[in-house]
Amino acid sequence: MTRRFRFINSLFLIALVFTTLARADEGLPSWLKQAAATSAPAFAKDVQAVVLHKEQQVTLDASGKLVTIDNYAVRILTREGR
1 MTRRFRFINS LFLIALVFTT LARADEGLPS WLKQAAATSA PAFAKDVQAV
51 VLHKEQQVTL DASGKLVTID NYAVRILTRE GR
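Take the sequence shown: its letter number 65 is residue 65 in the numbering used here, and every next letter is one higher.
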């Protein structure tokens, strides 16, 4: 591959990443956007992850079926927190 081809290819990939990131935010639920916007305080070095949002909604539909929805957001602070 020539340098010019690599350069053009790199520019294309960068543009693709920024376009994807700009559109990715559109489909996120509001609770996740809010959780992502919060800043976590400083923690000890051994803390691997922090729960930003934990919510459970339980409803009973018209047929009598119990429906449970769990919303959960975690900020991973270290590689081991994955």
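From the three backbone atoms N, C-alpha and C, an ideal C-beta is built for every residue, glycine too.
query                                                                                                                   : result
Valine 74 versus glutamine 56: straight-line alpha-carbon distance, rounded                                             : 15 Å
Within 7 Å, strictly: CB atoms of leucine 60 and leucine 52                                                             : no
Closest Cα partner of tyrosine 72 within the set Gln34, Thr2, Ala42                                                     : Gln34
Cα-Cα separation, isoleucine 8 to threonine 2                                                                           : 10 Å
Whole-Å CB distance - isoleucine 14 paired with alanine 49, under 8 Å assumed                                           : Going by Cβ atoms, the distance from isoleucine 14 to alanine 49 rounds to 30 Å, so no, they are not a contact pair.
Nonlocal neighbours in the same chain, by C-beta distance under 8 Å from leucine 32, ignoring five residues either side : His53, Asn71, Ala73
Residues sharing a beta bridge with alanine 73, DSSP                                                                    : His53
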